[in-house]
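Written out below as structure tokens is the structure these notes cover.
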Amino acid sequence: MDNKLQSNYTHLQRSFGSLNSNNSTPFSDCSGDYSPPTFSDSSDECVIDHLVSSLQSLSIDDQKQAAMELRLLAKHNSDNRIRIARAGAIKPLISLILSADSQLQEHGVTAVLNLSLCDENVKLMISSGVVSPLVKALRSGNQTARENAACALLRLSQFEDNRKLIGRSGAIEPLVKLLETGNIRGKKDACTALYSLCSVKDNRIRAVGAGIMKVLVELMADFGSNMVDKCGFVMSLLVVEMEGRVAVVEEGGIPVLVEIIEVGSQRQKEIVVAILLVLCEESLVYRRMVAREGAIPPLIELSQCGTTRARHKAETLIELLRRPKSANTSSTSTSSDGSPGRD
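Note that the sequence shown covers residues 894 to 1236 in this note's numbering.
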């Protein structure tokens, strides 16, 4: 099995390609380096060697200039990304990410992001210890540094072996914070990174513990956030875990999910009916809550007018909600806190 998620990178728009094989996923890009190219984006090795050497200058201004130029050289040119890494830039750039100077940190983060678009560089970055500095920038950097750190961690997480390391390094909590408090670009970047990282069980548990479900429910309740689809996909990963299911209910998610079944787009309805089905398969209590919110009429409509996948899931959920009470007294029924319960 391929150890990378499907990728199709087009750096001009910072497109990172589809994050999974499902064409309905909204995760098609992660915004990043918006800096304009102020000079030619091609360069020879002598120029690159000089810039890499300047990264270790005693002058902060020289470091800033060198990091900025390397950042721009790596922005659009895949050959430059290889040249810059081979010239030894990765370790000094990682050191800049730890700088107390916010602009120097931003240049370091963004240069690392641009270099990470070359697969050949990712392994070297990981072995050079890039993850912890990126997490630091994600926690305490300026707005651009935080957004680009999220994108860099997303890029590193495209390789399955890196996802556990990124989670253990403390990235989940600040990504949840960025999802909650960032601007629209930051929210999208954080959500995309979390979607990738939460393919790992331990990271799903970490995300729920960091309070992600409250943030997801609030964003999904606000159609003006333009985050319903992205947040729905993340939630669909989290409800696989008992902790995730409990958190959805505790944060008032069921009324929000039912409302989306009523008024959401076809894709949103498809995402949400899958979430509700997972909740209801696991708990009689949750079935009752979903039914009380008036889910059956919009589910009937969805079963007739939705996509093929949505219709199938809606039919299954309707059958589950209408099942006689006596048929639900098995050991699979759970109480609202996820523990075995009774009727």
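Where is the CB? At the ideal position from N, CA and C, for every residue including glycine.
Residue i, buried or exposed, once every other Cβ within 10 Å from all chains shown has been counted against 16
| i | result |
| --- | --- |
| ALA1086 | buried |
| ARG1061 | exposed |
| GLU962 | buried |
| GLN1197 | exposed |
| PRO985 | buried |
| VAL1156 | exposed |
| ASP1115 | exposed |
| THR1003 | buried |
| HIS943 | exposed |
| ASN1007 | buried |
| LYS968 | buried |
| ASN1119 | exposed |
| CYS939 | exposed |
| SER1050 | buried |
| LYS1094 | exposed |
| GLN1159 | exposed |
| ARG1202 | exposed |
| SER983 | The question names Ser, yet the displayed sequence has Ile at residue 983. With 16 or more Cβ atoms within 10 Å of its Cβ, ILE983 is classed as buried. |
| ASP972 | exposed |
| GLY1022 | exposed |
Sequence-distant residues of the same chain with beta carbon closer than 7 Å to residue i, five excluded per side
| i | result |
| --- | --- |
| GLN998 | LEU989, ILE990, SER992, ALA1030, GLY1034 and ALA1038 |
| ARG1216 | none |
| PRO1026 | ILE987, ILE990 and LEU991 |
| ALA1242 | One cannot answer for residue 1242 here, as it falls past the ends of the chain, which runs 894 to 1236. |
| ASP994 | ILE953 |
| THR1070 | Contrary to the premise, residue 1070 reads as Lys rather than Thr in this sequence. Once the five neighbours on either side are set aside, LYS1070 has no close Cβ partner at all. |
| ILE1211 | ILE1189, LEU1192, ILE1193 and SER1196 |
| GLY1117 | none |
| ALA848 | Residue 848 cannot be examined here, being either before or after the span of the chain that is shown, 894 to 1236. |
| GLU1066 | ALA1103 |
Contact set for residue i: own chain, Cβ-Cβ below 8 Å, skip 5 residues either direction
| i | result |
| --- | --- |
| SER947 | ASP955, GLN956, GLN958 and ALA959 |
| ARG1138 | VAL1132, VAL1171, LEU1172, GLU1175, SER1176, TYR1179 and GLY1231 |
| VAL1142 | LEU1172, TYR1179, MET1182 and SER1229 |
| GLN1036 | GLY1075, ASN1076 and GLY1079 |
| CYS1091 | ARG1097, ALA1100, VAL1127, LEU1130 and LEU1131 |
| ALA978 | LEU1008, CYS1011, GLU1013, ASN1014 and LEU1017 |
Unbroken alpha helix (DSSP H) run spanning residue i, endpoints
| i | result |
| --- | --- |
| GLY1001 | 995 to 1009 |
| CYS1091 | No alpha helix (DSSP H) contains CYS1091, which DSSP labels as neither H nor E. |
| GLN958 | 953 to 969 |
| ASP1012 | 1012 to 1020 |
| LEU991 | That residue, LEU991, is in no alpha helix (DSSP H); it is neither H nor E in DSSP. |
| SER1033 | 1024 to 1033 |
| ILE1068 | A small fix is needed here, since residue 1068 is Leu in this sequence, not Ile. That run of the alpha helix (DSSP H) goes 1065 to 1074. |
| ALA1114 | 1105 to 1114 |
| LEU944 | 938 to 947 |
Residues near residue i in its chain [Cβ-Cβ closer than 6 Å; skip 5 each side]
| i | result |
| --- | --- |
| SER950 | GLN956 |
| ALA1042 | VAL1002, LEU1027, ALA1030 and LEU1031 |
| GLY1146 | VAL1110 |
Minimum length 4: unbroken alpha helix (DSSP H) runs contained in the region 1174 to 1219: 1177 to 1185, 1189 to 1198 and 1201 to 1215
Curious, which full-length alpha helix (DSSP H) runs of at least 4 residues does the region 1117 to 1173 contain? 1121 to 1131, 1135 to 1143 and 1146 to 1156
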